[in-house]
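Q: Each residue of the sequence shown is one higher than the one before, starting from 6 at the first, in the numbering used here.
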Amino acid sequence: MHTRIWPYPFKSHAVIHHGLFRSGPTYFLPSGRNYDNIRFAWWNAPLIIGLHAPVLLWIGWVLETNIFFGGMAALGLYYFLYEYLHFCMHVPKGRWLERSAWFSWLDAHHHQHHERHFKNLNVVLPLADLIFGTLIRGNRRIPRPLRA
Ligand SMILES: [Zn+2]
Ligand SMILES: [Zn+2]
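1) Please confirm whether any heavy atom of ligand 2 lies closer than 7 angstroms to the CB of Met6.
2) Please state the DSSP three-state secondary structure of Ala153.
3) Here's the rule: buried if 16 or more other CB atoms are within 10 angstroms of the residue's CB, otherwise exposed. What is Phe33?
4) Report back the beta-carbon spacing between Ser28 and His119 to the nearest angstrom; my notes put them in contact at under 8 angstroms.
5) Let me check understanding here. Comparing Cα to Cα, which of Gly81, Ile72, Phe123, Tyr83 lies closest to Thr8?
6) Is it the case that the segment 32-51 contacts the segment 87-107, given that we only count it when at least three CB pairs across the two stretches are under 8 angstroms?
7) Let me know if Pro51 comes out buried or exposed under the rule of 16 or more other beta-carbons within 10 Å of its beta-carbon.
8) Given Ser109, which residues of its chain have a CB within under 6 angstroms of its CB, disregarding the five upstream and five downstream residues?
9) From Thr139, Arg44, Ala19, Met6, pick the residue whose C-alpha is nearest to that of Phe85; which is it?
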């Protein structure tokens with residue numbers, strides 16, 4: 006989503022999402038704006054999850070066990086968590102989740118991504134950031150704006 010290899014995700018994320026949501030107070034959705042550029046387009050879910058299906062089938066074939074349905078369920082859960090947590094980060098409403106230490110850490114982690122686009126690329130589980138050396142400390146969680 007941050008390289009021009011495939012134009013659609015680059016435009017929708019790096020150009021539009023990062024263009025609208027920056028760091029500091031502009032990290033949050035301004036009042037009166039719609040939610041269109043926070044979540045992925047609806048058709049991204051079946052496409053992204055579906056692209057993983059052959060990999061799950063291949064792993065199941067190699068391991069000689071059926072991991073397909075469990076794997077698809079895990080991918081669906083991960084996708085849902087990405088969409089929901091990312092939405093809560095940009096549109097805070099004082100949800101109980103937002104008060105948890107875990108969410109605060111993830112939110113600061115993602116805010117850092119909006120400051121430095123090639124760091125902290127994971128939203129839900131920053132394991133790949135750790136492995137690929139893109140993990141940096143999310144050192145500040147900015148207070149959510151007052152909303153009506
Ligand atoms: Zn974001
Ligand atoms: Zn990004």
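Where is the CB? At the ideal position from N, CA and C, for every residue including glycine.
Only a predicted model underlies this, so the values are computations on that prediction, with no experimental measurement involved.
A: Let me spell this out:
1) yes
2) In this predicted model, Ala153 has a pLDDT of only 41, less than 50, meaning its place in the structure is not dependable enough to derive any value.
3) buried
4) Between Ser28 and His119, the beta carbon gap of about 5 angstroms places them in contact (Cβ cut-off 8 angstroms).
5) Nearest to Thr8 by C-alpha distance, out of Gly81, Ile72, Phe123, Tyr83, is Phe123.
6) With contact defined as three or more Cβ pairs closer than 8 angstroms, the segment 87-107 and the segment 32-51 are in contact.
7) exposed
8) Arg146
9) Arg44
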